[in-house]
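Trainee:
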Amino acid sequence: MEDTKLNSNKKPGAPNYWLSLEQWRQDPEFIEKTKNEFSQSPLSNVETESGWARREFLKLMGASLALTTFGCVRRPAQKIVPYVNRPEEVVPGIANYYSSTMIEGHETFGLVVKTREGRPIKIEGNPDHPDNQGGLSASAHAALLSLYDPDRLVEPKRNILNKNKTNADMISTTYEKIDEAVSKAVKKGSVAVVTQGQKTSASKQFFRDFTRATKSQLFFIDSVDETTVKRGQRASYGKSVFPRYQIQKARLIVSVGADFLGTYVTPVSFSKQFSKRRNPDGDMNKLISFESVLSLTGANADERFQVKPTQKLTAVMAILSDLIIKKGRTSYSADRRVVRALKSFDEAIKALHLPEGAISRITDELWSNRGKSLVLSGGMQSKTSKALELQVATNFLNSVLGNDGKTIDYSQASQRGFDGGAENVNKLVSAINSGKIKTLIVQGTNLAYFLPETSGFKEAIKKLDLIVYLGDRNDETGRISDYIVPDHHQFETWGDSEGLSGVYAIQQPTIRPLYKTRAFQESLMKWANLSGMGPNRFKEESWYKYLQEHWKYNIWSKNRSVSFASQSFDDFWYELLQKGVFDTSRTKRSRSTGARNFNISQFSKISPSEEHKWELALYQKSILKDGALANMAWLQELPDPVTKLVWDNYVCISVQDAQAQHIKEGQVLNLKVGSTSVSIPAHIQPGQKSGVLALAVGYGRKGAGKVADGIGVNAYQLAQYNANEVAYSGLPVEFSSTSDYVELVTPQGHHSMEGRQIAIEATHDQYKHNKEANIHRHKIFSLWDKHEYKGHKWGMSIDLNTCNGCSACVVACQAENNIPVVGKKYVMEGRIMQWIRVDRYYSGDPNDPSILNMPITCHHCDNAPCETVCPVAATTHSDEGLNTMTYNRCVGTRYCGNNCPYKVRRFNWFNYTKDIKKPLNMALNPEVTVRVRGVMEKCSFCEPRIKSAKEKAKQDGRALKDGDILTACQQSCPADAIVFGDMNDPNSKLSQMFSEKRTYSLLEELNAVPALKYQTKIRNTDKLKTENSKKDQGGH
Amino acid sequence: MPKKIFGLVVLVVVVVGVVGFVKGLTSNATELGYNQGYEPDQPIQFSHALHAGKNKIACQYCHTTTEVSRHASVPSLNICMNCHLSVKTDGETINKKEIEKMTSSFYADKPIKWQKVHLLPDHVKFNHSAHIRAGKSCQTCHGPVETMKKVYQYSSLSMGWCVNCHRKPENKASINCGTCHY
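Sequences listed follow chains L and B, in order.
Using our numbering, the letters of the first sequence correspond one by one to residues 1 to 1036.
Using our numbering, the letters of the second sequence correspond one by one to residues 1 to 182.
#1: Quick one, which of L:Ser497, L:Val468 and L:Lys406 has its alpha-carbon nearest L:Ile178's?
#2: I need the straight-line Cα distance from L:Arg55 to L:Arg933, nearest angstrom please.
#3: Can you give me the C-alpha to C-alpha distance between L:Ala959 and L:Ala953, rounded to a whole angstrom?
#4: Let me check understanding here. Comparing Cα to Cα, which of L:Pro156, L:Lys458, L:Asn724 and L:Glu104 lies closest to L:Ala143?
#5: Using beta-carbon positions only, say whether L:Asn395 and L:Ser236 come within less than 8 Å of one another.
#6: Taking the continuous alpha helix (DSSP H) assigned at L:Trp24, which residues delimit it?
#7: Quick check on the burial criterion: 16 or more other C-beta atoms within 10 angstroms. Buried or exposed for L:Arg777?
#8: Where does B:Pro169 land, buried or exposed, given buried means 16+ other C-beta within 10 angstroms?
#9: Can you check whether the CB of L:Ser729 is closer than 8 Å to the CB of L:Ser183?
#10: Figure out for me which residue from B:Leu157, B:Ser155, B:Thr179 and B:Val145 has the closest Cα to the Cα of B:His187.
#11: Taking L:Ser940 as the query, report the chain B residues whose CB atoms sit under 7 Å from its CB, ordered along the chain.
#12: Report the residues of the segment 71-84 of chain B with a CB closer than 7 Å to any CB of chain L, ordered along the chain.
#13: So, for L:Arg370: in the same chain, excluding its five sequence neighbours on each side, which residues have a beta-carbon less than 6 Å away from its beta-carbon?
#14: What residue range is occupied by the uninterrupted beta strand (DSSP E) comprising L:His683?
#15: What are the start and end residues of the alpha helix (DSSP H) that includes L:Thr310?
#16: Cβ closer than 8 Å: which chain L residues qualify as neighbours of B:Lys113?
#17: Show which residues of chain L have a CB atom less than 8 Å away from the CB atom of B:Arg167.
#18: Taking the continuous alpha helix (DSSP H) assigned at L:Ile178, which residues delimit it?
#19: Could one say the Cβ of L:Gln955 lies closer than 8 Å to chain B's Cβ atoms, at least one of them?
#20: Taking the beta carbon of L:Asn398 as the centre, do at least 16 other beta carbons fall within 10 Å, making it buried, or is it exposed?
#21: Using three-state DSSP, classify L:Asn398 as helix, strand or coil.
#22: Below 8 Å between beta carbons: does that hold for L:Leu447 and L:Val194?
#23: Is any beta-carbon of chain L found at less than 8 Å from that of B:His123?
#24: For the segment 86-101 of chain L and the segment 579-586 of chain L, state whether three or more C-beta atom pairs, one from each stretch, are separated by less than 8 Å.
#25: Per DSSP, what kind of secondary structure is L:Ser736 in: helix, strand or coil?
#26: Tell me whether L:Phe572 is buried or exposed, calling it buried when 16 or more other Cβ atoms sit within 10 Å of its Cβ.
#27: Taking 8 Å as the CB-CB cut-off, is L:Gly703 touching chain B?
#28: Could you tell me whether the segment 527-534 of chain L touches the segment 542-551 of chain L, where touching means 3 or more Cβ pairs closer than 8 Å?
#29: Which residues in chain B have a C-beta closer than 8 Å to the C-beta of L:Thr913? List them in chain order.
#30: What separation, rounded to the nearest whole angstrom, lies between the Cα atoms of L:Lys122 and L:His129?
#31: Roughly how many angstroms lie between the CA atoms of L:Gln992 and L:Met885, to the nearest whole one?
#32: Rounded to a whole number of angstroms, what is the C-alpha to C-alpha distance between L:Met61 and B:Gln36?
#33: Under three-state DSSP, which class holds B:Thr103?
#34: What residues from the segment 37-66 of chain B come within 7 Å of chain L, judged by C-beta to C-beta, listed N to C?
#35: Check each residue of the segment 221-247 of chain L: if its Cβ is closer than 8 Å to any Cβ of chain B, include it; give the result in chain order.
#36: In angstroms with no decimal places, state the Cα-to-Cα distance between L:Arg596 and L:Phe210.
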């Protein structure tokens, strides 16, 4: 019913591929907007804001012009200040690379940190690290910015608090005073230490040493609790492990709410594995997704089904029921307990309203891929009060399908801690309430931000005598703490990580501490020693020494037979610092393991959950995740891979619900869960399950800094804590609409491509039949002479089939190329500066669309339309096929931007980069010109990287070889979708990609002859959502 | 007709003014911003004529990074101390004073702030190592440094000066804009 109503709204001219609902509906306002690239005059805004009249502005401009003509006789004198003692390894102008590692949320990355003259300017993935394999997420890139964050604390602070722990009057203090006060409290006893769940063996040992010696308690608490997987494993198989999911071994993946490409546990590692099996010529995998909120995983799924959060368990049970009862595939069909549990879901399964025969088809496919399939569930959006049952049911399904021990490696797979569960919160709160804890030491976890009212934490802390926060800023937890002892940034201190079990990586400092901070480990050592309770191992008071000892006795000495550990410890240590990773698991990794026995009694306890009319799903955005890095402007301005909105938090509502409830885009809604309510603008999200409201966590920060504060609401406050479980999703919610509106901003609408052949997709069957399926080739001829490329001819290929739209490339490019952030207001006016954008196209019915992602950057055309219109020859063609920008020639006519068919040129309306003040300017890359106002800029194919690779090759006296040059986007792509290389080299990886039949040029008919080409997206489905019409398949 | 004459006079004045201004501007414009011959005072009267000329110390003994980096780099003080620990720790009065300036700032761990002589125009990148590798001698651009008591800018360092050399076929140098501007 609803569907037909919606479809009747579709105007005759509406496209099959669309970027926003406005475009799909062909709103007159939207059509008007697409005609202009920029929506407002820059001066009109300046006038209203600062009261500058236009005339006055012109007068001043005139005056300054006169001054520049007469005053510019010689430029100001500059100084050269060489070192007194130049460190041997520092060569001015040459970058140094240090291997390191980083723990970000639940993810572990092997890193290579690029430093120039002693300051980190870019982080890159370590290709030798088996976890991220050189890939890096958008948020990992932003960790660089957090080093230079102006909102970091530069010295120890004391907060004067009242009884309610609310008054945040901050004064400066000294380490001596803090050490005295805290060590006194430690001596008194009743101390608790709270830290993140994700711990390496060294830091686990360290905390154990501290708490044992000082007789204090230790709690692991994470912002997003992912312990359910472990507890589900224990319930199903008797042992608590976090299995290593072998996604690359699975031909068929069914994800029930687990957003493994976006937010679930280790998205970069999973994306690497997933994309390796996306080759349409090989044994291409298939992804089926059941979810409530359109996630990155759902957007990349070959088939996607919408269920409410509470129905996810039902979906798994439906598959099991069809497999066991209806088809009788296994002997479990005779097990009364199993049958009874499955039968109890009969009603609920009917209420799923999935398309006819869908479940039966899925079970057939699963059954034919026994041992080669994988069912995943978990993540925030499926963490309802029945999350544990969902895990047990998923485990059972995997066991029935024989996946256990094959695509699920449990043997040496206890990946990481994940000890920070909700039960620890309850233990902590009750210990405080009973008076057992008087002093609380919080390290690196922002308890006061993510623990909601229902956890009882906020009431409990009033009973505490002393709260000490080992954090980096006066954030939510800082504000309830008596002392804030600023910790080093992770690039300033030593550490290690163990992402996969047996894969150890070392974190080494790449810059001397910028401020008067102190490693938290050294703070704890100091306090233990001053209170007279320090263990022997703390006597040195050096965390570095402690870490090294730990590596010596617990890692090196136990793995002497593995790779480079056979040498002496000192040699081992230096080689480790160079390599960054010590992988002891490689020898064991290929060992096959048998299936475990599934504990049926746990499964028989599963009962259907109650479905609510309106369910709230809290979810993590794949960019901002849990909100710890919310103050990083790169992340705030990065368009969300799914909604494409920037700088905002919003509640997503389905298209049909919005229509039925008369809710408009940006209309503020009041949401109420239990006794907590929030007001938040609505975003109408195609592909969202009706009856579900979805709200992202990570916003509503207080004290995180100038960027994050004041954006959105803190959605954690709506989470429900009870007993040992926290429910983020499937929460019964009431809502009412208000008459207020908030403008939600996206840069997507104005890059509209007017329904031409842009992003091309085909089904796997179509592809097998015709490798050029759906590509409309053009007969073109040129009046131009062709360019001659005698040496290299650079080109780039982007595989739409592996690209999942995660947008890590955008931030990698931003970090490499000194690209400014412009803020919400100017994004609204079409002035976003990012050199790459990822266009997200919907196709099909807005209630159930399919999604296509397409990264677009400068195409470096041979017949570049921009070059011919530049009146000052500021943009020219190089003899290696690059379309280069000479910034100091550019006078800002913007003709080039106007004439670019791909809309990839960006104009500097203001002196953004010049306005970057200390210390943020330290993150700038000195190899890339910092652009000024009035200048056009665009992707350069990382020309400085090309140059430095050539330099290096010449230095080494060899020819440049394929793979020497990696562009920033290519380097961090977690899906390996981007290939850069020499088109003149027939053996280059690029030439191989270009020789694939599904390669096409964007807007080929314009004969711009771009050096950037795409490969068609191949879907492992029967039918495309646009099948009925051929309009967008090259119609023009 | 005084009005007409007045108008004519104004016109003549304006035309002469404009022509003069433009001429002045264009004739100066080629020189604008370039500092050929610029010879600033340095905090230490370091003589290249003495070190590189008389004592024949090779350029790259002190300017160590020339071969590997874009920057030739002004030497750090520990390089000076390589010799001045034993050589000429005292001498004629004037030299002694200058050497003492260097040694005292070395021991005080205080860097010396040299005046930059060769100031390239903005938005241009120049790479020393590439030019050294191409077999260009330092003197090609920097002039007879070994005779300079005080270093001055020998070449104009203008774009025309760069390009004239890059254009010569024997140099096999690239004349893409992106070679220097990126």
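Just so it is clear, CB atoms sit at the ideal spot from N, CA and C, and this is done for glycine as well.
Remember, it's a predicted structure, so these values are computed and weren't measured experimentally.
Mentor: Taking the geometry as given:
#1: L:Val468
#2: Confidence at L:Arg55 is low in this model, with a pLDDT of 47, below 50, so the placement of that residue should be treated as unreliable; the coordinate-derived value is given next. Approximately 20 Å, taken between the alpha carbons.
#3: 6 Å
#4: L:Glu104
#5: yes
#6: Leu21 to Arg25
#7: exposed
#8: exposed
#9: no
#10: In the structure as shown, chain B starts at 1 and stops at 182, and residue 187 of chain B therefore has no counterpart that could be examined.
#11: Tyr182
#12: His71, Ser73, Val74, Pro75, Ser76, Leu77 and Asn78
#13: Leu401 and Gly402
#14: Thr676 to Gln685
#15: First-last for L:Thr310: undefined, no H or E at that position.
#16: Lys79, Ile80 and Val81
#17: Per Cβ cutoff of 8 Å: no residues; B:Arg167 is ~14 Å from chain L at best.
#18: Tyr175 to Lys188
#19: yes
#20: buried
#21: helix
#22: yes
#23: yes
#24: yes
#25: strand
#26: buried
#27: no
#28: no
#29: Residues of chain B passing the Cβ test: none, with the nearest at roughly 13 Å.
#30: 18 Å
#31: 29 Å
#32: Unreliable positioning characterises L:Met61 in this predicted model, as indicated by a pLDDT of 49, which lies under 50. The coordinate reading is nonetheless provided below. The straight-line gap from Cα to Cα measures roughly 31 Å.
#33: helix
#34: Pro40 and Thr65
#35: none
#36: 37 Å
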